[in-house]
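Take a look at the structure set out below.
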Amino acid sequence: EDQVTQSPEALRLQEGESSSLNCSYTVSGLRGLFWYRQDPGKGPEFLFTLYSAGEEKEKERLKATLTKKESFLHITAPKPEDSATYLCAVRNTGFQKLVFGTGTRLLVSP
Amino acid sequence: EAGVAQSPRYKIIEKRQSVAFWCNPISGHATLYWYQQILGQGPKLLIQFQNNGVVDDSQLPKDRFSAERLKGVDSTLKIQPAKLEDSAVYLCASSSRESYWGTEAFFGQGTRLTVV
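The listed protein sequences correspond, in order, to chains A and B. All residue numbers for the first sequence refer to the working numbering, where the first residue is 1 and numbers rise by one. All residue numbers for the second sequence refer to the working numbering, where the first residue is 111 and numbers rise by one.
Dropping the structure here:
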């Protein structure tokens, strides 16, 4: 069965303090790994798609990378507005189910 | 481009009552999903439609939950009768026709259900 494990569960950073979030996955044929941001009371907002090992995507202070077993979301010099829950999801072959991890709650203090 | 629309935003019901949620996906999106998100957890897939057909409902509690997608566009998710543990946010999402490489899904704001 496809599984996605995210760590840490929660992360507290000072403004400007860079760090990384981890997403480990087990999937029967990867057809995409997706990162989302979710603010309280809102639906997940799409950030990145990664398809193959070695691929990287960047957006402002965020960079996502992918290996054959895990993905990292690197946050460089975060700001308080980056505070949110970051969710990782994978699609498999076959019916391409979209399976989510439990997320990492990020809090950036000024 | 209009996003995924869901209604209502909030709903409070007593246990054993029934409730229905509505979703209108992004125009032209063939795939529609319903997820259940319990507080502090990631979204859990309940059912996935490809056009009118169900492609996965393995985690849908079929004794109380039902879903349909009308003419391959709008969808409704119903719970009857509701239990306390059904308290959660119900998220609808849609994505364009799947190719070999999976496409991203776009989410609505969700419906927060409280069962008392």
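Ideal Cβ placement from N, Cα and C applies to all residues, glycine included.
| Check | Outcome |
| --- | --- |
| Cα-Cα separation, Y145/B to S205/B | 14 Å |
| Chain B residues whose Cβ lies nearer than 7 Å to that of L98/A | Y143, L155 and A215 |
| Residues, ordered as in the chain, of the region 4 to 37 of chain A that lie near chain B by beta-carbon distance below 7 Å | R31, G32 and F34 |
| Closer than 9 Å to chain E by CB, R174/B | The chain inventory of the structure shown lacks chain E, comprising the protein chains A and B. |
| Start and end residues, beta strand (DSSP E) containing I123/B | Y120 to I123 |
| Span separating the alpha-carbon of D166/B from that of E15/A | 42 Å |
| Amino acids of chain B, ordered along the chain, whose beta-carbon sits closer than 8 Å to that of K79/A | Simply none; closest approach about 24 Å. |
| Coil, strand or helix - G182/B by DSSP | helix |
| Helix, strand or coil at D82/A [DSSP, three-state] | helix |
| C-beta atoms of E70/A and V108/A nearer than 9 Å | no |
| Buried or exposed (CB count within 10 angstroms, at least 16 for buried), Q6/A | buried |
| Neighbour flag for P110/A against chain B, beta carbons, 9 Å | no |
| Beta-carbon contacts of Y25/A that lie in its chain and below 6 Å, excluding the five residues immediately before and after | V4 and V90 |
| Start and end residues, beta strand (DSSP E) containing I157/B | K154 to Q160 |
| Simplified DSSP state of D196/B, which is helix, strand or coil | helix |
| Residue environment, G54/A, which counts as buried when at least 16 other CB atoms sit within 10 Å | exposed |
| Below-9 Å beta-carbon distance, L201/B vs any chain A residue | yes |
| Contact list for P40/A against chain B, beta-carbon separation under 8 Å | Under the 8 Å cutoff, chain B gives no residues; its nearest Cβ is about 10 Å from P40/A. |
| Separation of K63/A from R174/B, as counted between CA atoms | 42 Å |
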